[in-house]
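So the structure is just underneath, and the comments pick up after that.
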Amino acid sequence: MSENLRIERQGRVLRLVLDRPEKRNALNLALCRELVKQVEEAWRDHGVGAILLAGEGKSFCAGMDLTEMLSPEAAGLTHIHELLFTIGVRSSKPIVAAVQGAALAGGTGLAANAHILVAAEDATFGLTEIRLGLWPFVVFRAVALAVGERRAVELSLTGRTFDAREAAQLGLVDCLVPPADLDARALEIATAVAAASPSAVRGGLAYLAESRGRSSEETGRIAYQYRAELFRSPDFAEGLRAFHEKRAPRWPSLEE
Numbered sequence: 126m127s128e129n130l131r132i133e134r135q136g137r138v139l140r141l142v143l144d145r146p147e148k149r150n151a152l153n154l155a156l157c158r159e160l161v162k163q164v165e166e167a168w169r170d171h172g173v174g175a176i177l178l179a180g181e182g183k184s185f186c187a188g189m190d191l192t193e194m195l196s197p198e199a200a201g202l203t204h205i206h207e208l209l210f211t212i213g214v215r216s217s218k219p220i221v222a223a224v225q226g227a228a229l230a231g232g233t234g235l236a237a238n239a240h241i242l243v244a245a246e247d248a249t250f251g252l253t254e255i256r257l258g259l260w261p262f263v264v265f266r267a268v269a270l271a272v273g274e275r276r277a278v279e280l281s282l283t284g285r286t287f288d289a290r291e292a293a294q295l296g297l298v299d300c301l302v303p304p305a306d307l308d309a310r311a312l313e314i315a316t317a318v319a320a321a322s323p324s325a326v327r328g329g330l331a332y333l334a335e336s337r338g339r340s341s342e343e344t345g346r347i348a349y350q351y352r353a354e355l356f357r358s359p360d361f362a363e364g365l366r367a368f369h370e371k372r373a374p375r376w377p378s379l380e381e
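Just so we're aligned: the sequence shown equals residues 126 to 381 in this note's numbering.
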């Protein structure tokens, strides 16, 4: 148990809860390090099928802890931020985020790293770094993947905040729910994702990472390779059997 991060296991879902509510879950160096550590360990943990990110209190995450920016600890932020804000493209496990209240600056960037983002209807987002004379360098890539580069530029230049409904229209949010339903709905989605074939999920996320930025021809070649591997996998054979026998599959890769 970390003083900054609450760690819970719910079946095959690893729930990581930012636990600095008095600081609106601002990302200090200790929290960033612990988040990266737990996420990367989850990638190697056979018992984890999905990672669920959440925040304690009224806000998901207000961004980086500005009190550290002028301290000696600031020198260690660049490297850990690069690791933290690329977890989405590096992850071999699905990441689901449950966002309530404010998710600003780095909070928006952390949420954008999720493969599925569930937000309460009262959530707010924004790349607000420009207001401090900064640019959202490390989070920009994840946000641009979600909403497109042109829109990410507009959000970065204006620093404006926007509500969860607009975030859904932009493609950042996948599922909008009443605030009271956020935790249950996010866990339901994470649990369903965690029940999928580990081989298929691992192959699909690896394909996304490897094909990003490649030409159409290269993307097709990479897709063919991963598809051929899955066609030969025990999980696919079991999936076909379960489909014909009208039962839930028992994925062999869970036993590896």
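Quick reminder that beta carbons are idealized off the backbone N, C-alpha and C, glycines included.
Legend entry - Classification of TRP260 by the beta-carbon crowding that lies within 10 angstroms, buried from 16 upward: exposed
Legend entry - CB contact flag (SER384, ASP288, <7 Å): Residue 384 is absent from the structure shown; the chain starts at 126 and stops at 381.
Legend entry - Collapsed DSSP secondary structure at GLU254 in the structure displayed: helix
Legend entry - Uninterrupted beta strand (DSSP E) stretches inside the region 221–283 (no shorter than 3 residues): 227–229, 241–245 and 249–251
Legend entry - Closest by C-alpha distance to THR249, when choosing among ARG375, SER358, VAL138 and GLY188: GLY188
Legend entry - CB of ALA292 within 7 Å of CB of ALA237, strictly: no
Inset, instruction - Would you give the residue range spanned by the alpha helix (DSSP H) that PHE210 belongs to? - result: Where PHE210 is concerned, there is no enclosing alpha helix (DSSP H), given that its DSSP letter is neither H nor E.
Inset, instruction - Below 6 Å CB to CB, which residues in the same chain sit around TRP168 once its five sequence neighbours on both sides are set aside? - result: Same-chain partners within the cutoff: SER217 and LYS218.
Inset, instruction - Any chance you could list the alpha helix (DSSP H) runs of at least 4 consecutive residues sitting entirely within the region 150–209, in chain order? - result: 154–169 and 202–209
Legend entry - Close beta carbons around TRP240, own chain, < 6 Å, minus the five adjacent residues each side: The sequence shown places His at residue 240, not Trp. Contacts found: PRO219 and ILE220.
Legend entry - Check whether THR253 and LEU280 have beta carbons under 7 Å apart: no
Inset, instruction - Output the distance between the C-alpha atoms of GLU133 and LEU208, rounded to the nearest integer angstrom. - result: 22 Å
Inset, instruction - Determine the contact status of ALA151 and GLY213, defining contact as a CB-CB distance below 7 Å. - result: no
Legend entry - Opening and closing residue of the beta strand (DSSP E) in which GLU128 lies: Neither: GLU128 is in no beta strand (DSSP E) and is coded neither H nor E.
Legend entry - Distance, ILE176 Cα to LEU139 Cα: 5 Å
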